[in-house]
Amino acid sequence: MFLSKYKQKWKLIILSAGQHNLEFKMLDPKLLRNEPKKAAELLARRGYVLDIALLESLEQERKQAQSDAQSLQTERNSRSKMIGKAKASGEDIKPLLAEIADLGDKHKAAEARLAEVLQKLTDVAMELPNIPQDDVPVGKSEDDNVEISRWGTPKEFSFEPKDHIDLGEILSGMDFETAAKISQARFVTLHGPLAKLHRALTQFMLDQHTEEHGYTETYVPYLVNSDSLRGTGQLPKFSEDLFAIKDTDLYLIPTAEVPVTNIVRDTISTDKQLPLKFVAHTPCFRSEAGSYGRDVRGLIRQHQFEKVELVQVVRPQDSDATLDELTQHAETILQKLELPYRKVLLCIGDLGFSSSKTYDLEVWLPSQKTYREISSCSNFQDFQARRLQARWRNPETNKPELVHTVNGSGLAVGRTLLAVMENHQDEQGRIHIPEALRPYMNGKAIIGG
RNA sequence: GGAGAGCUGGCCGAGCGGCCGAAGGCGCGCCCCUGCUAAGGGCGUAUAGGUUUACUCCUAUCGAGGGUUCGAAUCCCUCGCUCUCCGCCA
Numbered sequence: 036m037f038l039s040k041y042k043q044k045w046k047l048i049i050l051s052a053g054q055h056n057l058e059f060k061m062l063d064p065k066l067l068r069n070e071p072k073k074a075a076e077l078l079a080r081r082g083y084v085l086d087i088a089l090l091e092s093l094e095q096e097r098k099q100a101q102s103d104a105q106s107l108q109t110e111r112n113s114r115s116k117m118i119g120k121a122k123a124s125g126e127d128i129k130p131l132l133a134e135i136a137d138l139g140d141k142h143k144a145a146e147a148r149l150a151e152v153l154q155k156l157t158d159v160a161m162e163l164p165n166i167p168q169d170d171v172p173v174g175k176s177e178d179d180n181v182e183i184s185r186w187g188t189p190k191e192f193s194f195e196p197k198d199h200i201d202l203g204e205i206l207s208g209m210d211f212e213t214a215a216k217i218s219q220a221r222f223v224t225l226h227g228p229l230a231k232l233h234r235a236l237t238q239f240m241l242d243q244h245t246e247e248h249g250y251t252e253t254y255v256p257y258l259v260n261s262d263s264l265r266g267t268g269q270l271p272k273f274s275e276d277l278f279a280i281k282d283t284d285l286y287l288i289p290t291a292e293v294p295v296t297n298i299v300r301d302t303i304s305t306d307k308q309l310p311l312k313f314v315a316h317t318p319c320f321r322s323e324a325g326s327y328g329r330d331v332r333g334l335i336r337q338h339q340f341e342k343v344e345l346v347q348v349v350r351p352q353d354s355d356a357t358l359d360e361l362t363q364h365a366e367t368i369l370q371k372l373e374l375p376y377r378k379v380l381l382c383i384g385d386l387g388f389s390s391s392k393t394y395d396l397e398v399w400l401p402s403q404k405t406y407r408e409i410s411s412c413s414n415f416q417d418f419q420a421r422r423l424q425a426r427w428r429n430p431e432t433n434k435p436e437l438v439h440t441v442n443g444s445g446l447a448v449g450r451t452l453l454a455v456m457e458n459h460q461d462e463q464g465r466i467h468i469p470e471a472l473r474p475y476m477n478g479k480a481i482i483g484g
């Protein structure tokens, strides 16, 4: 998987709530509290060993500490009220004050103890990945992923197909050396028709999703704060994958998913508002720390790339169907661009940290004679929503409940560009523009030559 | 960047050290009255955690965090955000 390294970075986080509300923020806390054995079984499916004994003893401690702190608080409150009344009726309050001389210190100590236990619980909880859905195949690595379907037939070339780097050179439209001079490795400059094709792909995807698939085009900040990154899971564990802005609390977004999903952070949607369907085109910035030596050549793995992202916020009962639907939306783009691809259901071992189920779309690359990831579509269920405190008011209960979030690339633009170049090349190194894209290219059918 | 004002429940808005989880209004829900394109009355209406079979009770939250105090929506500090004026700017 191209993006699997990134996906493994999905981690849980704790929202900093008031100290009394500090909570598990990843898996359902009720499951962990009331049925730790069941939680352990579910987590064991993805090879995570839950320390039940530790969890239970911490829970025990927590209850005790919380109960202590609260009863001291109760006492303080009632004593303070008595003092207030005594004062109001002109009585001497000195004896009352003397009685509770050390109450404040005791209370503070109890609160500190509680905070400490909660922190420990938080540390444990932060290591817990999402629970895979029942239909996610067992497996250890991407080799165990299950192919669901294939679309299109890889073209039989009567010549040796070139890779996009060579094609870019022939067309004088793709320059990695200049980009390296301007910035560093893993950047690119595009010129002329290729730059236009790159833009055309973006426009085409946005139009398709807004006009045919019912998404609302959305513009969002490209710099986000740490709360947002905690909300979608990149922080705190994986700051090394992000570009941080010095002396601020801001980071360059690694995907539009971060700003877009955070739209619903700390909000309660009405039943009528759901589902929310957002499509956003943004640049994405990834440090790619730890991927040295992988895909060093070409457009495949860059520090900066464009992506059109689909995000849906849905009622819990709808998220399974939404994942299928959203994946279809991404597939439509590939089909209209006449790019052969296959759909893969990720096995447990390859599943992203916060995903409960993920389909990858892999496009055919003639130069590599293999399918490579171009989109990843996931159902996070309530895993992200819990951290985001993204809720809806369920009309059946009239209570705020967690929503489900589903998202996917529709598609990664840079990779789509290289796929179009490689799949639609001819012997002269020209690129034949797919029919669907021509309106965005002033009717042009061929680039180059 | 400079100066000032503000941030209270779904919304508006009072409160400025104890009787305030918070008046009043709007909205919303249920019920009653009335009976026809007006209206009136009653009750209810935040979130989270703990406790309980349940009812209940307890705790926290008035932008966030910290401080003063027996006690903070109310006083002090820091930060964030909003608005107004000035400067600058795409």
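Add 35 to a position in the first sequence, counting from 1, and you land on the number used in this note's numbering. Backbone N, C-alpha and C fix where the C-beta goes; we use that ideal spot for every residue, glycine too.
{"Check": "Sufficient close CB pairs (3 or more, under 8 angstroms) joining the segment 177–194 to the segment 376–385", "Outcome": "yes"}
{"Check": "Buried versus exposed, by CB contacts within 10 Å (16 or more), T317", "Outcome": "buried"}
{"Check": "Chain-order list of residues whose beta-carbon lies under 6 angstroms from that of S261 (same chain, five-residue window excluded)", "Outcome": "L270 and D284"}
{"Check": "Unbroken beta strand (DSSP E) run spanning E91, endpoints", "Outcome": "First-last for E91: I87 to A123, but that is the alpha helix (DSSP H), not the beta strand (DSSP E)."}
{"Check": "Range covered by the beta strand (DSSP E) that runs through A447", "Outcome": "H439 to A447"}
{"Check": "Reference S113, options A100, L131 and V314, closest by Cα", "Outcome": "L131"}
{"Check": "Contacting residues, own chain, Cβ-Cβ under 8 angstroms from Q238 (five flanking each side not counted)", "Outcome": "Y475"}
{"Check": "Between the CA atoms of T224 and D20 - distance to the nearest angstrom", "Outcome": "Since the displayed the chain opens at 36 and closes at 484, residue 20 lies outside it and no answer follows."}
{"Check": "C-beta atoms of F194 and E462 nearer than 8 angstroms", "Outcome": "yes"}
{"Check": "Enclosing beta strand (DSSP E) for R428 [first to last residue]", "Outcome": "R426 to N429"}
{"Check": "Per-residue DSSP class, three states only, for V84", "Outcome": "coil"}
{"Check": "Span of the beta strand (DSSP E), counted from its first residue to its last, around A315", "Outcome": "L311 to F320"}
{"Check": "Buried/exposed call for F192, threshold 16 Cβ in 10 Å", "Outcome": "exposed"}
{"Check": "Pairwise C-alpha distance: A220 and D330", "Outcome": "12 angstroms"}
{"Check": "Helix, strand or coil at H364 according to DSSP, with G and I counted as helix", "Outcome": "helix"}
{"Check": "Exposed unless 16 or more other CB atoms sit within 10 angstroms - verdict on Q95", "Outcome": "exposed"}
{"Check": "Contact under 8 angstroms by Cβ, I466 with Q460", "Outcome": "yes"}
{"Check": "C-alpha gap between D127 and G139, whole angstroms", "Outcome": "21 angstroms"}
{"Check": "Local conformation of F418 per DSSP, three classes", "Outcome": "helix"}
{"Check": "S184, DSSP secondary structure in three states", "Outcome": "strand"}
{"Check": "Residue span of the beta strand (DSSP E) that contains L285, given as start and end", "Outcome": "L285 to L287"}
{"Check": "Candidates Q168, K122, K155 and A100, of which the one nearest K141 by Cα", "Outcome": "A100"}
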